[in-house]
Amino acid sequence: MSTPAATPGGAPDAATVPSRPERRLLGEDQVFLLLSILIGVFAGLAVVCFRMSIDWMRWELFGSGLLPPRSRVILVPGAAGLVIAFLVVRFFPRARGSGVNQTKSALYIYDGYIPGNTIVGKFLTSALAIASGQSLGPEDPSLQIGAGLASVIGRRLRLSRENLRLLAPVGAAAGLAAAFNSPIAAVLFVIEEVIGRWSASVLGAVVLSAVSSVVVERWFLGAEPLFRTPGYRLQSPGELLAYAVLGVAGGLAAVVFVKSIQFLRPRLKALPRWTQYLQPAAAGVLIGVIGLWFPQVMGAGYEFMDQAMHDQYTWEVLGILGGLKILSTVLSFSSGTPGGLFAPTLFIGAMVGGAVGGVERLLFPQLTGPIGAYALVGMGALFAGILRAPMTSVFMVLEVSGNYAIILPVIISNTIAYLISRSAQRTPIFDLLSRQDGLDLPSLEEDREVAVLRVEDAMRGPDPRVLREEALPPAEAVQALPGEFFLVRSRSGEWGGIRKDELAKAVAEGAEGKVHLVHLPRLHPDHSLDVALRLMGDWPLLPVVHRADVGRLVGVLSLSDIVEAYRRHAPTREELVEPAD
Amino acid sequence: MTQTTQKRSNFLHREPFLLAALLVLIAGFFVFTSFAAKSYRHQEESFGESWYHQGEQALSQGRASEAVEDFRNALAYSRDNDRYRLRLAQALIADQRPQEARAHLLSLWEREPGDGTVNLELARLEGRRGELGQALRYYHGAIYGVWPEEPSEHRWETRFEVSEFLLGRQANAQAQSELLALAASLPRDDAARQTRLGNLFLRAGLDGRALTAFRNALQAQPKLPAALAGAGEAAFHAGDYRTALSYLRRAAQEDPQNQHASDLLTTAGLVLELDPFQPRLPAKERARRVVHDFQTALERLQGCTQKAGSPADPSLASLYQEGTSRKRRVQERVLARDSDALEGAMEFAFQMEQAAERHCGAATGEDLALLLIARKREAER
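Heads up: the sequence lines are chains C and E, in that order.
Residue 621, in the numbering used here, is where the first sequence stops; the numbers in between run on with no holes.
Residue 709, in the numbering used here, is where the second sequence stops; the numbers in between run on with no holes.
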């Protein structure tokens, strides 16, 4: 915050004190952090209202029972689907989808701009969709609502473009944290999937907003974790094998889910425009038909996940519910109904995990882990497999359950599910969706996988342009040396540079021991070539020295060496072709 | 000043006003959300209680399956409500779904490991699963746990339950320690519980302790039929047939329908009538009883050897032959003078009864009385 310079009389008089530094209470960075807190509070309040709205609507549509009355199971999702489609097509086209890619678009394409009506549209249509039984969740919409609020506030405050772009993910983290009641997972997800980089300023803002939104959410809705899981203790390391099997099952289920969306969504999008008015309703009716026998698959389904964790279903029922949830979520999401994928992912994971655990316990009665533990680990496995955010998936499970003892099985299962999903489905789901929408958003998973080129990949060994100060060549030999610039190791062991003409002049004047060397930045073999490029500047050659002995030269690096290294490691034509999916 | 610097300066100058406006907006939103959340919570509580009461009604009418759904609905509105979760678990138990109930109970136990009710329900479930160790752990959790109302009563009842549970699994030694602990804490004037305690002591084989418990009960209620019968039985098992006779007579007067007590009374009377080793008995009477007892035993053995369908056991036959030959020497006038002969005759009578019991099943009437006298004699030695 700044205050103008003021005269003793109180009136600002810039003319009289032109050079006096601005008196500001807070710098722009501090203002940004303060804003992050306020955005967190705002987003937290919005998410609380969003969640309450979903429940209110559900009570109105289906009554207060967990299982909807059969008479409304088909009618309500169908009718609500018509209303949702009308609202989305006519008024809120950007409310379509989960909300994660929309936030990434805002960050990478629209300079952090998210229209205000998108927030309203997302709020209304997602709440109605979830409440009416569409198989979608409130987390991703919460993320977009948070990002949208941040964007609106940033624009009102006329923040710089750079800060406006940063503010969207700050709001996204706040929205997600409040929706999940899990600040760490939200921060990690936004860093892993939306921003894609760690930096102190961004991290600080994201953490502050996530924490403040969770505080608000807990203030209104309670501090208990999302799930109450029965206690778990790993009795023997051999049991980890059971969770590894669950990881395999989770990975396969994730692939089925993503491939199904990959297949159905573009086909529904390709249908004539007028069908967009009917698609959510058609999806709703189909889900309603499923709901006649298995109403658990309707809506976000948190209560039923809780039941699965409390051993309330047989493994057969759990398996059926997992399969039907995949089907119903693919229908809902592909039809363009606004709503998130997080809750369905957790639902599928809980059911698949519970089913696998049930079968394993049947086959190996000596396994001691409760079904709840398998359901919980299954959630993480599906999260890692579908959303491909491995770090987030681990912390999400810990936070939503408040159960740290489960961490080993979660890590094992998530890693296996992630690897299976990656090998069978090259493109992560959010990248897939953005490409289906014709957007070329950066794929953060692909970015993470790009090999970093290092100085050791480009440097050359001993070079004739490397000299020692105590053994400089005679004046007549200098002209015969190759190159116009030389690296010289001083008597003190430092590395400096000198141009050929200066060296020739210094040697000719017999100024041994008084050669004026220019200080050079030094490189180490493990430096990335990006760092080397930044340090290279106009220097024709830089020394690459040993980290334990900076006087010891291990190679030299020039700009042409860097370019050559990048050229050598450039992707082949085959690699440049877009994956079939 | 460049354009960017100008913009930044504008922002920084407007900043206090804008931030203040934002704070006001947040405050307004906060107030709105507070009202909305209050109404929301009220609605949730109302739904939760409504489903809970519906569940209670269904459970009390024996519709456990409906009660389960009702309690589940209630729990959906208040996931941290332990009362709802406990009732759901109990409804699931009533609906024969112990595995589902167990998961809820474990969840409750983790929150409140010292909750008496939860521990007790878990103990029962583990008991049904045959997990003796786990069941005992939870039973003790219930005994030493927290009971919001009437804690002593609940602890006594849990001790009774765990004792019965252990006796049902022939874990008598463990049951005895539970019963001793219960006896130490139970009020003496609680006639009903002292009677229950006495009966459990009887089942655990601690007859003396059982008699004490029944006597405690009779001090509080001297005419309590169950306590009278129990005291009689305890004295009977302890071999104190005179005391047993006294209690059992009173029990028969108070409750003539008690067939078991009546049978014991008859047997105790026979023991006292037939026992030749009772103190202060005239020598003639002692000898008469021995002659009678010997004859009774011989007849029982004869009946046993002649039992239709059973091949005659050589040892049984030889015993009978020896008995027949001895019978000539078992004369009242001889036995009245010769105590060794009396002892010998009685010992042989006992042998005959025991052999007959081994080969021909449980004895009744006078034969049973003779066996009891034999056991008592053995114990006195």
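All C-beta atoms in this analysis are idealised placements derived from N, C-alpha and C, irrespective of residue type, glycine included.
The structure presented is a predicted model; accordingly, all values stated were derived computationally and were not measured.
Can you tell me which of the options puts its alpha carbon nearest to the alpha carbon of residue i?
i                 : options                                : result
ARG462 of chain C : C:ILE411, C:GLU486, C:ASN443           : C:GLU486
ALA464 of chain C : C:ALA424, C:ALA413, C:GLY394, C:GLY291 : C:GLY291
GLY152 of chain C : C:ILE193, C:PHE126, C:GLY121           : C:ILE193
PHE435 of chain C : C:PHE220, C:GLY137, C:VAL528, C:TYR606 : C:PHE220
VAL618 of chain E : E:LEU670, E:PRO642, E:GLU582           : E:LEU670
ARG98 of chain C  : C:ALA171, C:LEU78, C:LEU402, C:LEU593  : C:ALA171
PRO181 of chain C : C:LEU78, C:GLY380, C:VAL296, C:VAL160  : C:GLY380
LEU507 of chain C : C:SER474, C:GLY591, C:LEU481, C:ILE446 : C:GLY591
GLY420 of chain C : C:ALA289, C:LEU204, C:PRO378           : C:ALA289
Is any beta-carbon of chain E found at less than 8 Å from that of residue i?
i                 : result
GLN519 of chain C : no
PRO61 of chain C  : In this predicted model, PRO61 of chain C has a pLDDT of only 47, less than 50, meaning its place in the structure is not dependable; the value taken from the coordinates is given anyway. By this cut-off, PRO61 of chain C is not an interface position.
HIS567 of chain C : no
ARG268 of chain C : yes
VAL81 of chain C  : yes
Measure the C-alpha to C-alpha separation of residue i and residue j and round it to an integer number of angstroms.
i                 : j                 : result
GLN184 of chain C : GLU489 of chain C : 27 Å
PRO515 of chain E : LEU525 of chain E : 11 Å
GLY156 of chain C : GLY188 of chain C : 7 Å
LEU175 of chain C : ALA169 of chain C : In the sequence as presented, Leu is not what sits at residue 175 of chain C; that position holds Ser. The straight-line gap from Cα to Cα measures roughly 8 Å.
ALA119 of chain C : ARG407 of chain E : 31 Å
VAL247 of chain C : GLY455 of chain E : 49 Å
ALA517 of chain C : VAL596 of chain C : 22 Å
ILE426 of chain C : VAL392 of chain C : 13 Å
ALA225 of chain C : ARG305 of chain C : 28 Å
ALA697 of chain E : PHE605 of chain E : 13 Å
ALA664 of chain E : ALA673 of chain E : 12 Å
VAL555 of chain C : GLU509 of chain C : 8 Å
SER253 of chain C : LEU216 of chain C : 9 Å
SER598 of chain C : SER239 of chain C : 29 Å
THR486 of chain E : GLY473 of chain E : 11 Å
GLU675 of chain E : ASP517 of chain E : 45 Å
VAL242 of chain C : ALA520 of chain C : 54 Å
VAL256 of chain C : GLY105 of chain C : 28 Å
GLN662 of chain E : ARG654 of chain E : Rather than Gln, the amino acid found at residue 662 of chain E in this sequence is Val. Looking at the two C-alpha atoms, the distance is approximately 13 Å.
For residue i versus residue j, is the C-beta distance shorter than 8 Å?
i                 : j                 : result
ALA214 of chain C : SER249 of chain C : yes
ALA395 of chain E : GLY376 of chain E : no
PRO504 of chain C : PRO522 of chain C : yes
SER222 of chain C : VAL396 of chain C : no
LEU569 of chain C : ARG494 of chain C : yes
PHE382 of chain C : LEU361 of chain C : no
GLY412 of chain C : ASP351 of chain C : yes
SER623 of chain C : LEU479 of chain C : Only positions 41 to 621 of chain C appear in the structure, and residue 623 of chain C is not among them; the question remains open.
LYS162 of chain C : GLY139 of chain C : yes
LEU510 of chain E : TRP484 of chain E : yes
Spell out whether any CB of chain C is found under 8 Å from the CB atom of residue i.
i                 : result
HIS381 of chain E : no
GLN427 of chain E : yes
VAL370 of chain E : Before going on, a small fix: residue 370 of chain E reads as His here, not Val. No - not a single Cβ of chain C is within 8 Å of the one on HIS370 of chain E.
ARG407 of chain E : yes
ALA348 of chain E : no
ILE354 of chain E : yes
THR361 of chain E : yes
SER393 of chain E : no
ASN401 of chain E : yes
Kindly examine the ligand ATP and report whether one of its heavy atoms sits closer than 7 Å to the Cβ of residue i.
i                 : result
PHE564 of chain E : Absence of the ligand ATP is noted for the structure shown, with no ligands found whatsoever.
Would you decide whether residue i is buried or exposed? Buried here means 16 or more other CB atoms lie within 10 Å of its CB.
i                 : result
THR652 of chain E : exposed
ALA588 of chain C : exposed
ILE456 of chain C : buried
GLN385 of chain E : exposed
SER505 of chain E : exposed
ALA620 of chain C : The pLDDT assigned to ALA620 of chain C is 47, lower than 50, so where the model puts this residue is not dependable, and the model offers no usable value.
LYS612 of chain E : exposed
SER433 of chain C : buried
PRO610 of chain E : exposed
SER76 of chain C  : buried
GLY84 of chain C  : buried
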